[in-house]
DNA sequence: CGCCACATTGATCCTCTTCAAAGCGTGTGG
DNA sequence: CCACACGCTTTGAAGAGGATCAATGTGGCG
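Chains as they are written, first to last, in the working numbering: chain A, 488 to 745; chain B, 488 to 745.
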């Protein structure tokens with residue numbers, strides 16, 4: 488089946504390349520990656536905060552596990568801004584020594600790899616690592632587009648629509664790094680976390696998932712999600728799959744050739 | 488009074504400098520600004536779309552008037568992601584030839600200035616315009632922080648809280664370019680636009696504004712807003728004024744000295 | 001004067017929240 | 001092997017916050 492959740496098929500560098508690579512051809516910079524990323528991943532348990540709101544950013548790659556960018560109101564209400572999946576980067580910023588605008592919370596046991604050497608190289612010799620810089624910039628653009636999708640969900644969609652939309656987004660983002668296929672993917676989150684992502688109460692999150700099951704659109708089992716009718720789900724969610732890149736056709740072609 | 492809404496006191500360059508400048512000392516790059524921005528502003532009426540979702544980005548400065556970054560669902564539900572005020576920039580991106588992830592809609596009559604020459608200069612000789620690059624990067628970070636604030640509003644705050652929070656944000660952003668003071672500022676938006684920003688129905692937006700008036704927190708008159716008790720409003724909204732910058736203290740100091 | 005966009009109001013409905021309790025699965029210690 | 005605790009899911013009932021529908025007011029402007 489397409490339920491490919493490889494134990495550890497990709498090296499750190501391969502994971503990053505797969506995640507950032509497609510539209511931009513990596514060459515001289517692969518070496519840099521391998522050099523900087525050969526070190527072992529660092530682990531932390533679920534619930535750990537790695538990087539707090541207001542603290543200096545530290546660039547990291549998520550090697551395995553899920554995290555969330557989160558902020559909490561005085562009275563405890565919590566909002567997750569973005570779910571962070573294997574292959575996602577945290578703390579990359581064009582501003583030197585920037586401060587985190589949200590807390591990063593491990594939602595499952597997490598393995599991360601320091602990207603400091605990579606960003607340092609980028610800072611020291613931007614010319615030489617232009618492709619890398621472009622890849623990171625592209626990634627930032629994708630992240631921003633993701634935030635806008637999320638705003639659309641929270642501002643204008645119903646609980647059912649939001650949930651369908653998020654499931655499709657997660658499917659596509661996971662597929663991009665080889666985790667899961669068109670219908671199956673890992674979903675190791677509690678309903679409380681999903682609720683905090685989608686701006687719902689836990690109770691209503693539960694009932695919304697039930698509704699999706701009742702409609703024969705979704706199956707959940709042991710941290711795995713199965714989309715039984717992705718097309719219908721996309722209809723409900725008004726979901727558009729992510730563009731291949733945020734580059735225009737012209738420059739995209741130019742990059743492929745360059 | 489602090490109700491300073493100058494007719495046209497600032498040059499294009501001064502407006503930009505005031506908006507981007509504070510933490511980063513502008514020097515050699517002012518010249519560039521003035522060179523590139525001497526040209527007259529271009530006007531368009533309210534309702535015009537300048538830059539559509541999916542079209543190539545074009546860098547612009549809002550000289551006067553308000554715009555919104557917006558996206559619409561198939562069925563017409565609309566979400567405004569970010570209100571764009573005088574001094575705000577549109578279409579700045581680290582990726583060359585990026586595509587817009589949202590449509591920019593003029594909410595009032597609008598005057599804009601092309602920033603193409605500025606971004607071109609940045610692209611051609613990044614070394615020489617490092618301060619400018621930093622300023623734009625900082626600005627991008629601020630914009631992202633603003634998106635997270637907005638997500639918090641839409642995901643976890645009530646109509647009253649959202650409205651209070653947005654009003655305070657607008658006050659501070661306007662004050663940063665000399666429009667309005669601690670209690671007064673221009674607010675040339677219809678309730679429908681506010682509703683589409685805050686993820687509410689027009690009717691409920693109306694009632695929420697009434698509630699704020701009833702609580703003696705807000706007065707609206709002729710496109711001007713008056714906050715009658717900013718502190719209490721901040722309490723309701725759980726509002727934290729924006730940090731001076733997103734730079735850490737160390738690098739912030741370094742920049743001031745450099 | 002009459003039009004038009006915008007603001008306001010009333011009534012009703014429904015989505016979602018809240019509170020409280022009960023299932024369920026898994027791991028732990030006795 | 002059972003008892004128990006703990007985290008997560010599920011269920012019920014009640015209520016609030018907002019949406020929706022349909023008018024009515026109001027002010028600026030040709």
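Yeah, the Cβ is synthetic: ideal placement off N, Cα and C, and Gly gets one too.
Asked: Report the option in A:701, A:702, A:700 and A:681 whose CA atom is closest to the CA atom of residue 692 of chain A.; Found: A:681
Asked: With 8 angstroms as the threshold, decide whether the Cβ of residue 642 of chain A is near any Cβ in chain B.; Found: yes
Asked: What does the Cβ neighbour count give for residue 532 of chain B, buried or exposed, with the cut at 16 atoms within 10 Å?; Found: exposed
Asked: If you measure from the beta carbon of residue 574 of chain A to each beta carbon in chain B, is any gap under 8 angstroms?; Found: no
Asked: Of all Cβ atoms in chain B, is any one closer than 8 angstroms to the Cβ of residue 564 of chain A?; Found: yes
Asked: So with Cβ pairs under 8 angstroms, would you call residue 588 of chain B a contact of chain A?; Found: yes
Asked: Shortest alpha-carbon distance to residue 660 of chain B belongs to which of B:645, B:574, B:720 and B:624?; Found: B:574
Asked: In angstroms with no decimal places, state the Cα-to-Cα distance between residue 683 of chain B and residue 595 of chain B.; Found: 15 angstroms
Asked: Chain B partners of residue 656 of chain A, CB-CB under 9 angstroms?; Found: Within chain B, no residue comes near residue 656 of chain A; the closest Cβ sits about 14 angstroms away, beyond 9 angstroms.
Asked: In whole angstroms, what separates the C-alpha of residue 529 of chain A from that of residue 548 of chain A?; Found: 10 angstroms
Asked: Hey, which unbroken runs of the beta strand (DSSP E) at 3 residues or more fall wholly within the region 669-729 of chain A?; Found: 671-673, 705-708 and 711-714
Asked: Check whether the Cβ atoms of residue 597 of chain B and residue 554 of chain B sit closer than 8 angstroms, and answer yes or no.; Found: yes
Asked: Roughly how many angstroms separate the alpha carbons of residue 738 of chain B and residue 498 of chain B, rounded to a whole number?; Found: Only weak support exists for where residue 738 of chain B lies, its pLDDT of 46 falling under 50; the value from the coordinates is given anyway. Their backbone Cα atoms lie some 30 angstroms apart in a straight line.
Asked: Is the CB-CB distance between residue 557 of chain B and residue 565 of chain B below 8 angstroms?; Found: yes
Asked: Within the continuous alpha helix (DSSP H) that includes residue 500 of chain B, where are the two ends?; Found: 499-507
Asked: Leaving out the 5 sequence neighbours to the left and right, which residues in its chain are closer than 7 angstroms to residue 719 of chain A when beta-carbon positions are compared?; Found: 704
Asked: Among A:713, A:726, A:701 and A:666, which residue has its Cα nearest to the Cα of residue 644 of chain A?; Found: A:726
Asked: In its own chain, which residues sit with a C-beta less than 8 angstroms from the C-beta of residue 641 of chain A, not counting the 5 before and 5 after it?; Found: 649, 685 and 686
Asked: Could you confirm whether any beta carbon from chain B is found closer than 8 angstroms to the beta carbon of residue 492 of chain A?; Found: In this prediction, residue 492 of chain A has a pLDDT of 45, which is less than 50 and means its spatial position is unreliable; nothing more can be read from the coordinates.
Asked: I'd like the span of the beta strand (DSSP E) that includes residue 648 of chain B, first residue to last.; Found: Note, residue 648 of chain B: premise wrong, no beta strand (DSSP E); alpha helix (DSSP H) at 646-662.
Asked: Does residue 631 of chain A have its Cβ less than 8 angstroms from a Cβ in chain B?; Found: yes
Asked: Curious, which full-length beta strand (DSSP E) runs of at least 3 residues does the region 537-562 of chain A contain?; Found: 547-551 and 554-559
Asked: Report yes if the C-beta distance between residue 711 of chain B and residue 674 of chain B is below 8 angstroms; otherwise report no.; Found: yes
Asked: Report the three-state DSSP secondary structure of residue 614 of chain B (helix, strand or coil).; Found: coil
Asked: How would you call residue 679 of chain B, buried or exposed, if buried means at least 16 neighbouring beta carbons within 10 angstroms?; Found: exposed
Asked: Quick check on residue 629 of chain B: buried or exposed, where buried means 16 or more other Cβ atoms within 10 Å of its Cβ?; Found: buried
Asked: What is the DSSP secondary structure of residue 572 of chain B, counted as helix, strand or coil?; Found: coil
Asked: Tell me which residue opens and which closes the beta strand (DSSP E) that residue 592 of chain A is part of.; Found: 590-593
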